[in-house]
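Contents: one structure, followed by commentary.
Numbering (the working numbering), first residue to last: 138 to 353.
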């Protein structure tokens, strides 16, 4: 991934990368509504630690410093995972979902939770398609697709029961990868149908998806 490579070569700092993406988020999210909750402070703290690892020449992961968004049905410690349901907004996750832990171990930095349709099902969310605000971004991983498409993040974590990831990826013009069911741990993910649910990723470059899948 180009971002991780530039950081590892010290051509750019993690803080610069995260700051630029957070500024992009602040600029465009009010009209796109892809991010339901920004993780500004947490992301910048992680960026500082990431740069310290680089300065000490410590071993780093393949996604070191890469900004990623997390769908709002996936748990992050201390954050709510309401799954598009307003009445669940105060339910805080006690621990990270294993998929989030694996992204962190690979060096990725979560910068926000993304909008999902209600219960990751059919009811439309507030997210707009960044290519045309009058068009749908697709669902249910609508926020992840729109955030990646509009440059708010390099990677977006999504989930799929029936086209919930591949459809918004196609609608928003990014690459989408739905992992084989069971290949990525679904603990800490609010599901819809246990016999069909799976996780996946979105990116603007297919090579980035290959690298991120290997990291997971």
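Just so you know, even glycine gets a beta-carbon here, dropped at the ideal spot from N, CA and C.
- In the three-state scheme derived from DSSP, where H, G and I count as helix and E and B as strand, residue 167 is classed as helix.
- The continuous beta strand (DSSP E) containing residue 248 extends over residues 246-251.
- Take residue 154, set aside five residues on each side of it, and the residues of its chain with a beta-carbon closer than 7 Å to its own are 140, 144, 202, 204, in chain order.
- When rounded, the separation of the alpha-carbon atoms in residue 244 and residue 254 is 28 Å.
- As for any beta strand (DSSP E) of minimum length 3 sitting wholly inside the stretch 208-277, the runs are 246-251, ordered along the chain.
- A check of alpha carbon separations from residue 334 across 345, 187, 297, 346 identifies 297 as the nearest.
- Its chain contains 198 as the residues whose beta carbon lies nearer than 7 Å to that of residue 242, once the 5 sequence neighbours on both sides are disregarded; these appear in chain order.
- With respect to the C-alpha of residue 303, the residue from 261, 349, 337, 184 having the closest C-alpha is 337.
- Exposed is the label assigned to residue 193, since fewer than 16 other Cβ atoms lie within 10 Å of its Cβ.
- Using a Cβ distance threshold of 8 Å, residue 322 and residue 235 count as a contacting pair.
- In this structure, residue 326 keeps its C-beta atom at 8 Å or more from the C-beta atom of residue 239.
- Assignment of residue 198 by DSSP, reduced to helix, strand and coil, places it in the coil class.
- Excluding five sequence positions before and after residue 280, the CB atoms of its chain that fall closer than 6 Å to its own CB belong to 171, 251, 252, 264, given in chain order.
- Bridge pairing for residue 336: 296 [DSSP].
- In the three-state scheme derived from DSSP, where H, G and I count as helix and E and B as strand, residue 280 is classed as helix.
- Judged by DSSP secondary structure, residue 315 falls within the beta strand (DSSP E) whose first and last residues are 312-315.
- Between residue 138 and residue 200, the C-beta spacing is below 8 Å.
- Counting only the Cα atoms, residue 228 lies some 31 Å from residue 351.
- Beta bridge pairing from DSSP links residue 151 with no other residue.
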